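Adding 119 to a residue's 1-based position in the sequence shown gives its number in this note's numbering.
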Amino acid sequence: MLDIVIETRPHDLGGGFKVGRVLPFRKHRMVGPFIFFDRMGPHDLPMPVPRHIDVRPHPHIGLSTVTYLFEGSLTHRDSLGVEQAILPGALNWMTAGAGISHSERFDGMREQGGRFDGIQAWVAVPEQHEEDAASFDHHAADTLPVIEDGGLSARLIAGNAFGACSPAKVHSPLFYLDVRAQAGASIPLPHEYPERGLYIARGEVSIDGQQYTEGQMVVFAPGDAPAVSTQTGAHVMLLGGEPVGPRHIWWNFVSSRKERIEQAKAEWQGGRFKLPPMDSAEHIPLPEQVPPAPNSVP
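Right, dumping it as structure tokens:
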């Protein structure tokens, strides 16, 4: 049965670049370890792409960022010295641990502009891994398992599902899939996880006879999942896993402890986070106030 349906809310990342925010939501903060979920598009970016919509260097602690594109490209640079082009179908998994900073810029699209779309999710890590060393892993699209069955094509981005295992290193049991379903197809959900969600990126799905459409995230209650199908064809993201416990979230910081977030705030404001060596000329300053709910999780 369904637990809740979450509608996308518009959010400006700064500089006029707008995303559709799904998680966190005031009535449902997380789905498994997934604590943040933004739809980054679709956008038709002008030629040339203005630099003010780039995401300048900013910090993270206590989470993994999961960047996955449908169209377009981004250039990732971080304080570990990594520079990586992010392309459609590839997985970029950055674990912040005790602290990392990174930027995401439209360098690969700067001159020609074009269509851009994708998802950025954050995954909270178990308490014992919150202070791990930061790391970054890139997995090209052709290294991620693809499951084909009955009008479905599902790329397993991270975790385990339907007998397949992603090469991405995760810190807790989870699943994350990009599913393209043809008209008339049924869409299964992994049954072994207590928390599961379905985000509709395109098209419509039917769940126990009720229609749901693009931009909605349907969160399922534990237990047997209802029947999910599409009469028109759909593009959906399946996500969830084992919960990791309550988390606090303030701006770009996630932690099981409020005092750790206060420490991270002071470190960023005091210039004690290292900046990406190939992108250190500017950064996003610490916000003056705590962002309003739902970006603050008690």
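Each residue gets a CB set at the ideal place from its N, CA and C atoms; glycine is no exception.
Please read all numbers here as calculations on a predicted model, not as lab measurements.
Secondary structure of A204 (DSSP, three-state): strand. K288 sits in coil when the DSSP states are folded into three classes, being neither helix nor strand. The Cβ neighbour count for D173, taken over all protein chains shown within 10 Å, is at least 16; the residue is labelled buried. Going by DSSP, K384 is part of the alpha helix (DSSP H) stretching over K377 to Q388. Counting only runs of 3 or more residues that sit fully inside the region 243–308, the beta strand (DSSP E) segments are 254–258, 265–268, 271–280 and 293–300, in chain order. With contacts defined as CB atoms closer than 8 Å, A260 and L182 fail to qualify as a contacting pair. Around the beta carbon of E249, 16 or more other beta carbons sit within 10 angstroms, so the residue counts as buried. Runs of the beta strand (DSSP E) lying entirely within the region 151–184, each at least 3 residues long, are 153–158, 162–164 and 174–179 in chain order. The DSSP-derived three-state label of D226 is helix.
The residue among Y318, V265, H258 and K384 with its C-alpha nearest the C-alpha of G139 is Y318. Counting the other CB atoms within 10 Å of its CB gives H171 a total below 16, which places it among the exposed residues.
Between the region 368–379 and the region 302–313 there are fewer than three C-beta pairs closer than 8 Å, too few to call the two in contact.
Taken atom to atom, the span from the alpha-carbon of T349 to that of R376 is near 42 Å. Straight-line measurement puts the Cα of F339 at about 37 Å from the Cα of E407.
Here DSSP, grouped into helix, strand and coil, assigns T194 to strand.
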